[in-house]
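Quick note on numbering that gives the first Met the number 0: the sequence shown kicks off at 0 and runs consecutively.
Every residue, glycine too, gets a C-beta built ideally from N, C-alpha and C.
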Amino acid sequence: MKKFIAVCSFGLLSLSAIGQDLHFSQISQMPLLLNPGATGMMDGIMRASLQHRNQWVGSGGKFNNTMVAFDLNMLKDQDFSKGFLGLGAFFFNDAAGDGNYGKQSGAISLSGAIPMGRGGNHVLSLGLQAGFASSNINGQNLIFESQWNGTTYDENILSGEAIVPSYSYSDVSTGLYYTVDGSNNTFAGKSKSKFTAGIALFHANKPALRYNIASTERLPRKLVLHTSYLKDVPGSKVQFSLDASQFFQGKHTETIVGGMFGYKLNEDGASSGTNSMMGFGLHLRSLESLIPSVIIQHKGFRFEFSYDAIVSYLRKSPGAGSVEFSLVYTFFDQGLFKGGRVRK
């Protein structure tokens, strides 16, 4: 009986995952997923990233999310006194549960940034994102409570669930992104200081989710509020950051707050992209998960590994806990576009 309940639970969980939004703990490592206005908003010229998450690692339910993204900025002038553009794209693949549920989505982001203040240290960016998604599921592999005959599970009993095997939809999102760069050059190198804040609206068109022929649900709009602060401690090789993100989607809310402590292993002058650093982070998500992480940064590469340790009542569920890693590469040298350069 207990075995049937567990199988049934994970089968239903894979079905409910159809209506879930993209989900990562290391949300700050995927700017295009956090705010379309963040497209191209970086110290360097181009940025490429890979992120993978395995949810409920001990359940055997195969809940895997993978995302790749790329963005760049164009038309930056030498003194950052004029506006510039950001262009980016991402692709997301989701594989979940016994129903072999798969979701593939992709989007293109375009942003326009306006520098403000002397030296362009204050920048406001507006981003637009347009995407397309397709979903598919094998309902024959799912187990429902209606197929329990009182003694055992009977696959010959019809579940009564009219599941649509596949569907697709288009998606539109937008966001405002604001950053203040207070970095300055010192004798020892660049002392970095940066503040960011933003607001974004995802699924503005509320795309239809047609996974059941008896009804058509809509993916609720998602409102995202986020902020972060990164600072080099003067006179030391220590760097720290604090960040917070708040998500509202339908009746659901999620909060991720935390920070990172890092130690620079070397200083290669003014360009922070050539520095090496090792750091440790800790975040809390909605009083549900405590998320420790390890960060390694070297010459434009940044690798982060984290584990979601469930601290709520869900910790008693079989296979609770998730692992996640991200790899981001930022290209700092000029040359792709004339006039573009790294902020020194």
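Worksheet item: With DSSP run on the structure shown, which of helix, strand or coil describes residue 330?
Response: Your numbering for residue 330 matches position 331 in the sequence shown. Residue 330 falls in the strand class under three-state DSSP.
Practice prompt. Going by CA-CA distance only, name the one from 24, 275, 55, 26 that's closest to residue 320.
Written response: The sequence position of residue 320 within the sequence shown is 321, counting from 1. It is 55.
Discussion item. Pull the bridge partners of residue 107 from the DSSP assignment, please.
Written reply: To locate residue 107, count along the sequence shown from 1; it is residue 108. Residue 107 is bridged to 88, 129.
Practice prompt. Would you please state the rounded distance, in angstroms, between the beta carbons of residue 34 and residue 262? I believe it to be under 8 Å.
Written response: On the sequence shown, position 35 is the one that residue 34 refers to. On the sequence shown, position 263 is the one that residue 262 refers to. Residue 34 to residue 262, Cβ: 29 Å. No contact.
Fill in: Endpoints, beta strand (DSSP E) assigned at residue 291
Indexing the sequence shown from 1 puts residue 291 at position 292. Element bounds for residue 291: 288-297.
Discussion item. Looking at residue 132: is its Cβ nearer than 7 Å to the Cβ of residue 166?
Written reply: Here residue 132 refers to the residue found at position 133 when the sequence shown is read from its first residue. Here residue 166 refers to the residue found at position 167 when the sequence shown is read from its first residue. Against a cut-off of 7 Å, the Cβ pair of residue 166 and residue 132 comes out as no contact.
Worksheet item: Which runs of the beta strand (DSSP E), 3 residues or longer, sit entirely within the segment 200-228?
Response: 207-211, 214-217
Discussion item. Rounding to the nearest angstrom, what Cα-Cα distance links residue 204 and residue 130 in this structure?
Written reply: Along the sequence shown, read from residue 1 onward, the residue named residue 204 stands at position 205. Along the sequence shown, read from residue 1 onward, the residue named residue 130 stands at position 131. About 11 Å.
Practice prompt. State yes or no: is the C-beta of residue 113 within less than 7 Å of the C-beta of residue 123?
Written response: Stepping through the sequence shown from its first residue, residue 113 is reached at position 114. Stepping through the sequence shown from its first residue, residue 123 is reached at position 124. The Cβ atoms of residue 113 and residue 123 sit closer than 7 Å to each other.
Discussion item. Just to confirm before moving on: does the CB-CB distance between residue 256 and residue 283 stay below 7 Å?
Written reply: Numbered from its first residue, the sequence shown carries residue 256 at position 257. Numbered from its first residue, the sequence shown carries residue 283 at position 284. The answer is yes: Cβ separation under 7 Å.
Worksheet item: If you measure from the beta carbon of residue 292 to each beta carbon in chain D, is any gap under 7 Å?
Response: This model lacks chain D altogether; it includes just one protein chain.
Practice prompt. Please state whether DSSP places residue 186 in a helix, a strand or coil.
Written response: In the sequence shown, counting from the first residue as 1, residue 186 sits at position 187. Note that residue 186 has pLDDT 43, beneath the 50 cutoff, so the model's placement of it is unreliable and no number is given.
Discussion item. If you reduce the DSSP assignment to three classes, tell me which class residue 116 lands in.
Written reply: Reading the sequence shown from its first residue, position 117 is the one you call residue 116. If DSSP states are grouped into helix, strand and coil, residue 116 belongs with coil.
Worksheet item: Roughly how many whole angstroms lie between the Cα atoms of residue 221 and residue 230?
Response: Taking the sequence shown and counting its residues from 1, the one referred to as residue 221 is at position 222. Taking the sequence shown and counting its residues from 1, the one referred to as residue 230 is at position 231. So the two alpha carbons sit approximately 30 Å from each other.
Fill in: Alpha carbon of residue 71 to alpha carbon of residue 82, nearest angstrom
The residue you call residue 71 lines up with position 72 of the sequence shown. The residue you call residue 82 lines up with position 83 of the sequence shown. If you take the alpha carbons of residue 71 and residue 82, they lie about 14 Å apart.
Discussion item. Measuring straight from C-alpha to C-alpha, what distance separates residue 207 and residue 249?
Written reply: Here residue 207 refers to the residue found at position 208 when the sequence shown is read from its first residue. Here residue 249 refers to the residue found at position 250 when the sequence shown is read from its first residue. Approximately 14 Å between the Cα atoms of the pair.
Worksheet item: Could you give the C-beta distance for residue 110 and residue 74, rounded to a whole number, given that I count them as a contact under 8 Å?
Response: In the sequence shown, counting from the first residue as 1, residue 110 sits at position 111. In the sequence shown, counting from the first residue as 1, residue 74 sits at position 75. Residue 110 to residue 74, Cβ: 12 Å. No contact.
Fill in: Reduced DSSP category for residue 28 - H, G, I as helix; E, B as strand; rest coil
Reading the sequence shown from its first residue, position 29 is the one you call residue 28. The answer is helix: DSSP assigns residue 28 an H, G or I state.
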